[in-house]
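Quick notes on the structure that follows.
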Amino acid sequence: MKYKHIIWDYNGTLLNDASLCVEIINELLSARGLKTMSLQKYKQEFDFPVKDYYERAGFDFEKESFEIVGTEFIKEYNIRQKDAPLQKGAMNLLNEIKDKGIKQSVLSAREEQSLISELKKFNIFNYFEEVVGLNNHYAESKVERGKQLLSKIQVSKNEIVMIGDTKHDAEVAKEVGINCILVSHGHQTKDKLQTCGVKVFDNFEEVKKFIFN
């Protein structure tokens, strides 16, 4: 077996919420008389830190603070997140990994308590050894939290892989010294992900073949 522990990103990787995020960001842009974006454009522009992506989308933080826009987005997202399903094949893959005795954790830029609630809603909270999020809603860097998570995992780093859907996930994995796999069904385009120098797959079926072969 290639890996003994898998660290999952959540939003975009396990949760299929990119379309919902585009919907909400477009409502915020429209309310300010700004140009909206397509899903493809969103996947080309989205990145961390989220504040920079908001500015590329057209928000002017000299006129209003990032915290105002970010809070507005999160408020709306929290109301409507129940509409976002898990990605196709997510449940099957989580089950197969568990059945093979591979440990799993979650490392997310999501606020930690809302992340835990979400995992419980989908009845997958108990699949994970550790669930690590941030202490605010503004989706800042996961590197420090990643280092804290790694200190709790008693497996050599070359037997750990992070599965994510953004360049930031690859950056976090590199920073903490573990392997990384990216999936292009989330918040960034395949072209963008392929600049990271790690394995990039289109879906969980491809990920499964790679992990288990």
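Here the sequence shown is numbered in this note's numbering, starting from 542 and rising by one per residue.
For each residue, glycine too, the CB sits at the ideal point set by N, CA and C.
These figures come from a predicted structure and were not determined experimentally.
>> Which runs of the alpha helix (DSSP H) at least 4 residues long sit entirely within the segment 580-645? Give them in chain order.
In response: 580-586, 591-598, 607-621 and 631-640
> Less than 8 Å separating the beta-carbons of arginine 651 and leucine 561?
Replying inline: no
> For the putative contact between isoleucine 548 and isoleucine 722, defined by C-beta atoms under 8 Å, what is the C-beta separation to the nearest angstrom?
Replying inline: Not really, about 10 Å apart at Cβ, beyond 8 Å.
>> Can you look up valine 739 in the DSSP assignment and give me helix, strand or coil?
In response: coil
>> For leucine 569, which residues in the same chain have their Cβ closer than 7 Å to its Cβ, ignoring the five residues on either side in sequence?
In response: Val610, Glu613 and Phe614
> Thinking C-alpha only, which one of Lys740, Thr730 and Asn667 is nearest glycine 553?
Replying inline: Thr730
> Is it right to say alanine 680 is buried, meaning 16 or more other beta carbons lie within 10 angstroms of its own, or is it exposed?
Replying inline: Residue confidence is low: alanine 680 scores 48 on pLDDT, short of 50, so the model does not pin down where it sits. Its coordinate-derived value is still stated next. When all chains shown are included, alanine 680 counts as buried.
> What is the residue span of the beta strand (DSSP E) that isoleucine 547 lies within?
Replying inline: 546-549
> My guess is that leucine 635 and isoleucine 665 are in contact by the Cβ rule of under 8 Å, so how many angstroms apart are they, rounded?
Replying inline: 6 Å
> Three-state secondary structure (DSSP) at lysine 543?
Replying inline: coil
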